[in-house]
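Enquirer: Before we start, here is the structure in question, set down as structure tokens.
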Amino acid sequence: MAARSTSTSLQLLLHFLVLRPLTRLVFGAGIEGRAHLRGLTQFILVANHNSHLDLPLIFQLLPLRQIPRTHPMAAHEYFSRSRLLFRSVELLFGPVWVVRGGGGGGAGADPVAAPAPEPGSKAGPSPEAAMAAMRKHLRAGRSVVIFPEGTRGRPGEIAAFRRGVGRLAVEFPQVPVIPVFIAGTERALPRAAGVPIPLWTRIVVGPPLRYVAAGEQPGVRSAEEAEAAARRVTAELERQVRSLAERETARRHRRRERRPPAPLVAVLGIDGSGKSTLARALAERLSTGRRTALVSDEVVFFEEGESLRLQPLLAEQVRRRLNRRVKTARSLESYKIPKLAELLLRDRVAGQLLRWRAADVIVLDGCPVLNLAAWARLYREAEYDDDACTALLRAITGRDTDVGRRHPIFRRFPELSALARLRLIPLRAPDAVMFLDVEPAIAMARILARGETQQVHETEDKLARLREGYLTVCRVLESALGLPARILDGARSREAIVAEALEQLGSWHDPRVGAPDPSQRTPPPPDGRSTHA
Amino acid sequence: MAMSASQMTLAGAFLALTVALGLCRIRGVSRAVAVYLPYLWTFFLVFTLIELVSVTLGIWTLAALCFLALREYFTLTDLRYQDRWGVLAAYAAIPFMFYFVQIDWYGMFIISVPVYVLLVVPFLIALGGKDPRGAVLSVGIIVLGLMLLVYCVGHVAYLARYSTWMAAYVVLAVAACDLLAYLFRARDRSPLRSILLQLLAPAPVTTGLALLLRPWTGIPVNHSVALALMIPLLVAMGCHTINYLEADLGIERDRLHPGRGQILNELKSFVYVAPVTFHYLRYVLDVF
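Order-wise, the sequence lines are chains A and B.
Position in the first sequence (from 1) plus 1 gives the number in the working numbering.
Position in the second sequence (from 1) plus 2 gives the number in the working numbering.
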């Protein structure tokens, strides 16, 4: 008896003089709701568990007189690895030891009456024996602390509660259950860390709960009824702790998550092939469960099939003005420079969309890189072949360091040299390409049917040469650059073409442009910040 | 041991602040007083300890304050698991820096963060981390915290080491600027007028304080006026900067409590004032 009283005095002294000041100095421990514990002589304290600091922090909550009368459940196999640690924990917290997932004590063993298990030995009380010990403490008017997750879970997450706590709450309806949420310990001493770092922690104490229904006699339940009640109570306690966690939720500095850049899907085709219509249809259809951007004659965002109005981009405004000028050019020579500028601006707009607007997929009506490579055929037909196209694409995209400024391609295409000197290349390469192939005669018929002013290159002969250029580009993309480039028959109905394009995209290896899946939606953070606990 | 008039005044001010703080705790007060009184009390505790007990004790009390501020800052920032040794090194830098204050090794004090912390922290992070993503940001977060909350605020300790009354003048002038700024903001004026008032209105108060405390601070009149004009500007700069950082850290003004931005919020006015005033006194006035 004298030994027990000495041990209790030592326990109180260590808590009062060492553990409490040290914990407070290093981990702060802001406590909210301490008043809920006032006046209680016995309780079942239920808390989330992320760190070994949780136990000393919980004991900070308790009035000094409650400390020797409160017993947590602690993992024997973990603490018994060090004799000093085992003895210290035993002295400071008077725990009920448990060997998770087994143990040698068996259900019949009495870990309270029996001598304490030895540190270093693997044998210790099984979960059933530990539960029996908890019951014995509760019957003796003492309090218990339980971490119903069973073990330290993933940092900052509350795992599903195990049913033991529900059973105790149902078996001892007169004992109030106190939900507690501990925040910050998962950062100060996470599971994998050996050394704690000083950080503020918070403890939120919820109001005491009593699980006895009106007019119910807890002792007269059948086993099934008791188990169902335990399940219900466990779920309710888990909900209570989670609601405390939500209350504690506060904004904190968060790093911007690194999102992979949105894939660029380019739709190519000669004028009159219907590529703008296809690009718009693709952007609309792909927007189910995500946000898509269409870069065509205008920039449009789509979400769930609806177009969105966003703040206009300066580069986009300039590009649209330039595009109007391009359409009224009278010769190929006067067409060349404004069109080139327009293509470069189109690339810039795509870059800005990638960087700032958090689109999940960007659909390009035409593609600056590929248009430049294909249009080279129109201007330098004699020097244009598959090899030249490959070198051009490599030079424009900057993918191949072998195609440096000394490469002969720069001498063959002076425009390329000028672009390189002005540092206007490299440009972005698309991630997937759809080429809408139609006969130039059909394309011309469609252009004439529009009734608009014909552009300088809108003749059957030039469209045929452009078509050849695009086909060469698609061939080179697949063979030399390894990019998916699909050729679609543009003479069919619009619906058939769109269906085939979606099917082709669905078969592509990148899931970001595959079949739309609403569950994969990642809402773009407007300012890169999110709300976390 | 007979106390001098200046020591008695300092002790009297500390006692008055203690009584005021006690009354506030019992009766509850407006937010302005609740926010500004505790840090005024803490600084006067430091000054009283320096004057009446021991310079070392006063300096190390301020070191504890810097530790609490840094702990709060690190709690609010998004540091990675790999940064733990860097964070520990930052905490370990506090005793070194305040030891340099204690032994009056100013050269080492001013280079410790820009040179040694910036060499040691990235090294430790690189040692401990397998994933390098975000390492540069982590080094920035750690060193910025140390720079603002230990190096800058630590200058108050250096100032107090040489002249308690000079440090007390700075603290009182900053408190006056803070209180007036709070009152102007509370009146809901236009932002421009509010900023102008924050800069101009405290000047007579800080000048009056400088002239009143001149017998103990020993600062000549012209320099007292120059300091009195400089301090409101530095307070405004410090507040503006830390307010901006507070927004990124997620500190909400109406939910301030220890661990959630209260200490950082209370020290923000000193971040610019303490080092610049110290350098003014050391290099322009040449008093130290």
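By construction, the Cβ of each residue, glycine as well, lies at the ideal position given by its N, Cα and C atoms.
Less than 6 Å between C-beta atoms, sequence neighbours within five positions excluded: which residues of the same chain meet that for Ala7 (chain B)?
Expert: Position 5 of the second sequence holds residue 7 (chain B). For Ala7 (chain B), where only same-chain residues beyond five positions count, there are no Cβ hits under 6 Å.
Enquirer: Going along chain A, which residues have a C-beta under 8 Å from Arg1 (chain B)?
Expert: The question about residue 1 (chain B) has no answer here: the residues shown for chain B are numbered 3 through 290.
Enquirer: Counting Cβ pairs, one atom from each stretch, are 3 or more of them under 8 Å apart for the region 246-257 of chain B and the region 115-133 of chain B?
Expert: The answer is no - the region 115-133 of chain B does not touch the region 246-257 of chain B, with fewer than three Cβ pairs under 8 Å.
Enquirer: Is the number of C-beta pairs between the region 86-105 of chain A and the region 154-165 of chain A that are closer than 8 Å three or more?
Expert: At 8 Å Cβ cutoff, the stretches do not touch.
Enquirer: Grab the span of the beta strand (DSSP E) containing Arg203 (chain A) for me, first residue to last.
Expert: For the purposes of this step, residue 203 (chain A) is identified with residue 202 of the first sequence, where counting begins at 1. Here the beta strand (DSSP E) through Arg203 (chain A) covers Arg203 to Val206.
Enquirer: Sorry if obvious, but does the Cβ on Asp366 (chain A) come closer than 8 Å to a heavy atom of the ligand FMN?
Expert: Only the bare structure without any ligand can be found here, which leaves the ligand FMN out of the picture.
Enquirer: With contact counted as at least three CB pairs below 8 Å, one residue from each stretch, are the region 285-293 of chain A and the region 379-386 of chain A in contact?
Expert: Judged by Cβ distances under 8 Å, the region 285-293 of chain A makes no contact with the region 379-386 of chain A, as fewer than three pairs qualify.
Enquirer: Using a Cβ-Cβ cut-off of 7 Å (strictly less than) and excluding sequence neighbours within five positions of Glu343 (chain A), which residues of its own chain qualify?
Expert: Within the first sequence, residue 343 (chain A) is the residue found at index 342, counting from 1. Closer than 7 Å at the Cβ level, and outside the excluded window around Glu343 (chain A), lie Arg320, Leu323, Asn324 and Val327.
Enquirer: Taking only beta-carbon positions, decide if Phe98 (chain B) is within less than 9 Å of chain A.
Expert: Mapped onto the second sequence, residue 98 (chain B) falls at position 96. Chain A, which has no Cβ nearer than 9 Å to the Cβ of Phe98 (chain B), makes this no.
Enquirer: By the three-class DSSP mapping on this structure, what secondary structure does Glu479 (chain A) have?
Expert: Position 478 of the first sequence, counting from 1, holds the residue named residue 479 (chain A). Three-state DSSP puts Glu479 (chain A) in a helix.
Enquirer: To which residues of the same chain is Glu318 (chain A) closer than 8 Å at the C-beta, ignoring the five residues directly before and after it?
Expert: Counting from 1 along the first sequence, the entry for residue 318 (chain A) is found at position 317. The residue asked about is misnamed: residue 318 (chain A) is Gln in this sequence, not Glu. Contacts found: none.
Enquirer: Within its chain, find whatever has a CB closer than 6 Å to the CB of Tyr274 (chain B); leave out the 5 residues flanking it on each side and keep chain order.
Expert: Position 272 of the second sequence, counted from the first residue, corresponds to residue 274 (chain B). Hits under 6 Å: Leu236, Met239 and Gly240.
Enquirer: Ignore the nearest five residues each way along the sequence and tell me which others in Phe45 (chain B)'s own chain have a CB closer than 6 Å to its CB.
Expert: By one-based count along the second sequence, residue 45 (chain B) stands at place 43. Excluding residues within five positions, the ones whose Cβ falls inside 6 Å are Val173.
Enquirer: In chain order, which beta strand (DSSP E) runs of at least 3 residues are fully inside the region 249-296 of chain A?
Expert: Complete beta strand (DSSP E) runs here, min 3: 265-269 and 292-296.
Enquirer: With burial defined as no fewer than 16 other Cβ atoms inside 10 Å of the residue's Cβ, what is the status of Val27 (chain A): buried or exposed?
Expert: Position 26 of the first sequence, counting from 1, holds the residue named residue 27 (chain A). Looking at its Cβ environment, which holds 16 or more other Cβ atoms inside 10 Å, Val27 (chain A) is buried.
Enquirer: List, in order along the chain, the chain A residues whose C-beta lies closer than 9 Å to that of Pro260 (chain B)?
Expert: Here the question's residue 260 (chain B) lines up with position 258 in the second sequence. Gly29, Gly31 and Trp201, listed in chain order.
Enquirer: Please report how far the alpha carbon of Gly105 (chain A) lies from the alpha carbon of Ser127 (chain A), in whole angstroms.
Expert: Residue 105 (chain A) sits at position 104 when you count from the first residue of the first sequence. Residue 127 (chain A) sits at position 126 when you count from the first residue of the first sequence. With a pLDDT of 49 at Gly105 (chain A), under the threshold of 50, the modelled position of that residue is not reliable, and the figure given next carries that caveat. Near 6 Å, if we compare the C-alpha coordinates of Ser127 (chain A) and Gly105 (chain A).
Enquirer: Can you give the Cα-Cα distance for His157 (chain B) and Gln12 (chain A), rounded to whole angstroms?
Expert: Translated into the one-based positions of the second sequence, residue 157 (chain B) becomes position 155. Translated into the one-based positions of the first sequence, residue 12 (chain A) becomes position 11. Going from the Cα of His157 (chain B) to the Cα of Gln12 (chain A) covers about 42 Å.
Enquirer: Pull up the DSSP beta-bridge partners for Val97 (chain A), would you.
Expert: Working through the first sequence from its first residue, we reach residue 97 (chain A) at position 96. Val97 (chain A) is bridged to A:Met74.
Enquirer: Determine, using beta carbons only, whether Gly14 (chain B) comes closer than 9 Å to chain E.
Expert: Absent from the structure is chain E; the protein chains it does hold are A and B.
Enquirer: Report yes if the C-beta distance between Val166 (chain A) and Pro149 (chain A) is below 9 Å; otherwise report no.
Expert: For this step, residue 166 (chain A) is matched to residue 165 along the first sequence. For this step, residue 149 (chain A) is matched to residue 148 along the first sequence. Yes, the Cβ-Cβ distance between Val166 (chain A) and Pro149 (chain A) is below 9 Å.
Enquirer: Given that a residue counts as buried once 16 or more other Cβ atoms are within 10 Å of its Cβ, and exposed if not, what is Gln312 (chain A)?
Expert: Along the first sequence, one-based indexing puts residue 312 (chain A) at 311. That one is exposed.
Enquirer: Select from A:Thr71, A:Trp357, A:Leu279 and A:Arg21 the residue whose C-alpha is nearest the C-alpha of Phe44 (chain A).
Expert: Counted from its first residue, the first sequence places residue 44 (chain A) at position 43. Minimum Cα distance to Phe44 (chain A) is reached at A:Thr71.
Enquirer: Quick one: what's Phe49 (chain B) bridged to in DSSP?
Expert: The residue you call residue 49 (chain B) lines up with position 47 of the second sequence. Partner(s): none; Phe49 (chain B) has no beta bridge.
Enquirer: List the whole-angstrom C-beta distance separating Val439 (chain A) from Ala486 (chain A), where the pair is believed to meet the contact cut-off of C-beta under 8 Å.
Expert: Counting from one through the first sequence, the residue named residue 439 (chain A) turns up at place 438. Counting from one through the first sequence, the residue named residue 486 (chain A) turns up at place 485. Not a contact, Cβ separation roughly 17 Å.
Enquirer: Could you tell me whether the Cβ of Leu78 (chain B) comes closer than 9 Å to any Cβ of chain A?
Expert: As a working mapping, residue 78 (chain B) is identified with position 76 in the second sequence. For Leu78 (chain B), the answer is yes, since a Cβ of chain A falls inside 9 Å of its Cβ.
Enquirer: What residue range does the alpha helix (DSSP H) around Arg73 (chain B) cover?
Expert: In the second sequence, residue 73 (chain B) corresponds to position 71, counting from 1. Per DSSP, Arg73 (chain B) belongs to the alpha helix (DSSP H) from Val57 to Leu78.
Enquirer: Report the residues of the region 179-190 of chain A with a CB closer than 8 Å to any CB of chain B, ordered along the chain.
Expert: Residues Gly185 and Arg188.
Enquirer: What distance in whole Å lies between the Cβ atoms of Val47 (chain A) and Pro180 (chain A), which are believed to be in contact at a cut-off of 8 Å?
Expert: Here residue 180 (chain A) corresponds to residue number 179 of the first sequence, with the count starting at 1. Here residue 47 (chain A) corresponds to residue number 46 of the first sequence, with the count starting at 1. Confirmed, Cβ separation roughly 5 Å.
Enquirer: Among residues of its own chain, excluding the 5 on either side of Gln84 (chain B), which ones have a beta-carbon nearer than 8 Å to its beta-carbon?
Expert: On the second sequence, residue 84 (chain B) is found 82 positions in, with the first residue counted as 1. Ile127, Gly130, Gly131, Lys132, Asp133, Ala137 and Ser140, listed in sequence order.
Enquirer: To the nearest angstrom, how far is the alpha carbon of Glu74 (chain B) from that of Leu200 (chain A)?
Expert: Residue mapping note: residue 74 (chain B) aligns to position 72 of the second sequence, counting from 1. Residue mapping note: residue 200 (chain A) aligns to position 199 of the first sequence, counting from 1. If you take the alpha carbons of Glu74 (chain B) and Leu200 (chain A), they lie about 7 Å apart.
Enquirer: How do the region 62-73 of chain B and the region 105-122 of chain B stand: do at least 3 beta-carbon pairs fall below 8 Å, yes or no?
Expert: No, the region 62-73 of chain B does not touch the region 105-122 of chain B.
Enquirer: May I have the straight-line CA-CA distance separating Thr166 (chain B) from His77 (chain A), to the nearest angstrom?
Expert: Locating residue 166 (chain B) in the second sequence gives position 164, where the first residue counts as 1. Locating residue 77 (chain A) in the first sequence gives position 76, where the first residue counts as 1. Thr166 (chain B) and His77 (chain A): Cα-Cα distance of roughly 55 Å.
Enquirer: Is the shortest distance between the beta-carbon of Gly107 (chain A) and the beta-carbons of chain B less than 9 Å?
Expert: Indexing the first sequence from 1 puts residue 107 (chain A) at position 106. Its pLDDT being 44, under 50, Gly107 (chain A) is placed unreliably by the model, and nothing is read from it.
Enquirer: Between Ala267 (chain A) and Leu371 (chain A), how many whole angstroms is the CB-CB distance? I'm expecting something under 8 Å.
Expert: To locate residue 267 (chain A), count along the first sequence from 1; it is residue 266. To locate residue 371 (chain A), count along the first sequence from 1; it is residue 370. Going by Cβ atoms, the distance from Ala267 (chain A) to Leu371 (chain A) rounds to 6 Å, so yes, they are a contact pair.
Enquirer: From the DSSP secondary-structure annotation, give me the bridge partner or partners of Ile363 (chain A).
Expert: Here residue 363 (chain A) corresponds to residue number 362 of the first sequence, with the count starting at 1. For Ile363 (chain A), which the question treats as bridged, DSSP gives the partners A:Leu265 and A:Ala294.
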